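Engineer: Following this message is one structure expressed as structure tokens.
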């Protein structure tokens, strides 16, 4: 008769994620803290300074979750590798004088290369053909008001391809990875080789999470009012991740709504990696509304409704206050679809972080 102990040991090995704690090398990590954004062993978990360490803030890290993530990413990485190998082959053939390009094909090849390198190098590559790069731009003001880390058409296609690959259970994982990465860039200024999208520095404290706290306006205002500067991350039913930053504390106005000027407010798309600053209607930067969660650009650029996970009253129409991508105009279909995936949609997650500078 086989012993139970070896069987239990084998089961334990199957559930072990084999990630060692940074502070305690003799311990394996067991949980993930959503407030500090760290993987923790049992010792670190007990010593964690977050408020709800024994409740929703600490999530168990399971082997299956890791395997699911790897299963999702490996095919994507293999696909990227194949595309890179095709590019290398074409460049090598040209270098060895075994291949000739049409002009348009060569420019397309440069466009593909730019997808796989940092933005500064992409600009340098383009300057090979445009020594006076700024002369091609309509105005310098447009460049300052919209920061696009890759050409917009490439971003749209890449984001669309990525989101189409995501199943419904994978959308929260996609959201988590994107948000955690950008939160880390805010609090850690020493990350090398990373071009920051969000022009902020400081610690971030999670004060509202809709899937835990509720998707209602009353819950939002109860958790977020009078907390100073905040950055909000939203995921639409289409998987798109976007949001906004404001230095003005959220409030619940007695007269139902209040328009606010905030020179430092901006909106962004994490899925497309773009930042959008104000360029007009500056008095409409942020709207505080008793019966809504958050509104950027009056009730135009981003508007998130009460009970937004159960109705399609939330939406985006980029360009009223915040600069849309080059070639887009406020009110056109592209501007309506850009941030959330459609003009109106349901919301599947919202997180609001207090920014502590």
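Numbering (UniProt numbering), first residue to last: 1 to 357. Glycine included, each C-beta is placed from N, C-alpha and C at the ideal position. Being a predicted model, the structure only gives us computed values, none of them experimental.
Across which residues does DSSP place residue 178 in a beta bridge pair?
Structural biologist: Answer is none; residue 178 lacks a bridge partner.
Engineer: Helix, strand or coil for residue 316 per DSSP?
Structural biologist: Per DSSP, reduced to three states, the secondary structure at residue 316 is strand.
Engineer: Rounded to whole angstroms, what's the CA-CA distance from residue 295 to residue 232? Just pull it up for me.
Structural biologist: CA-to-CA, the gap between residue 295 and residue 232 works out to about 11 Å.
Engineer: Would you kindly report the start and end of the unbroken beta strand (DSSP E) that includes residue 347?
Structural biologist: Counting along the chain, the beta strand (DSSP E) containing residue 347 begins and ends at 347-356.
Engineer: Extract the residue ranges of the beta strand (DSSP E) inside the segment 268-299, only unbroken runs of 3 or more that lie entirely within it.
Structural biologist: 274-277, 286-289 and 292-296
Engineer: Cβ atoms of residue 241 and residue 179: under 9 Å apart, would you say?
Structural biologist: yes
Engineer: Residue 26 lies in the beta strand (DSSP E); which residues open and close that run?
Structural biologist: No beta strand (DSSP E) contains residue 26, which DSSP labels as neither H nor E.
Engineer: Measure the C-alpha to C-alpha separation of residue 200 and residue 31 and round it to an integer number of angstroms.
Structural biologist: Each residue's CA atom was taken as its position, placing residue 200 and residue 31 some 28 Å apart.
Engineer: Under 8 Å: do the segment 243-251 and the segment 210-217 share three or more Cβ pairs, one atom per stretch?
Structural biologist: no
Engineer: Between the C-alpha atoms of residue 362 and residue 49, what's the straight-line distance to the nearest angstrom?
Structural biologist: Summary: the structure shown does not reach residue 362, with the chain confined to residues 1 through 357, and so no result is reported for it.
Engineer: Can you name, in chain order, every residue of its own chain whose Cβ lies under 7 Å from the Cβ of residue 355, other than the five neighbours on each side?
Structural biologist: 200, 202, 204, 229, 230 and 231, listed in sequence order.
Engineer: Which complete alpha helix (DSSP H) runs does the segment 176-262 hold, if anything under 4 residues is left out?
Structural biologist: Those alpha helix (DSSP H) runs which fall completely within the segment 176-262 and span 4+ residues are 210-213 and 217-224.
Engineer: Once the 5 residues before and after residue 148 are set aside, which same chain residues still bring their CB inside 6 Å of it?
Structural biologist: Low confidence applies here, because residue 148 scores a pLDDT of 39, under 50, leaving its location unreliable; read the following figure in that light. These residues qualify, in order along the chain: 274.
Engineer: If you draw a straight line from the C-alpha of residue 321 to the C-alpha of residue 288, how long is it?
Structural biologist: A straight line joining the alpha-carbon of residue 321 with that of residue 288 spans about 15 Å.
Engineer: Straight-line CA distance for residue 97 to residue 76?
Structural biologist: A straight line joining the alpha-carbon of residue 97 with that of residue 76 spans about 32 Å.
Engineer: For the beta strand (DSSP E) containing residue 33, name the first residue and the last one.
Structural biologist: 31-33
Engineer: Counting only the same chain and skipping the five closest in sequence on each side, list residues whose C-beta sits under 8 Å from that of residue 41.
Structural biologist: 21, 23, 24, 27, 28, 29 and 30
Engineer: Shortest alpha-carbon distance to residue 326 belongs to which of 300, 344 and 279?
Structural biologist: Checking every option, the nearest Cα to that of residue 326 belongs to 279.
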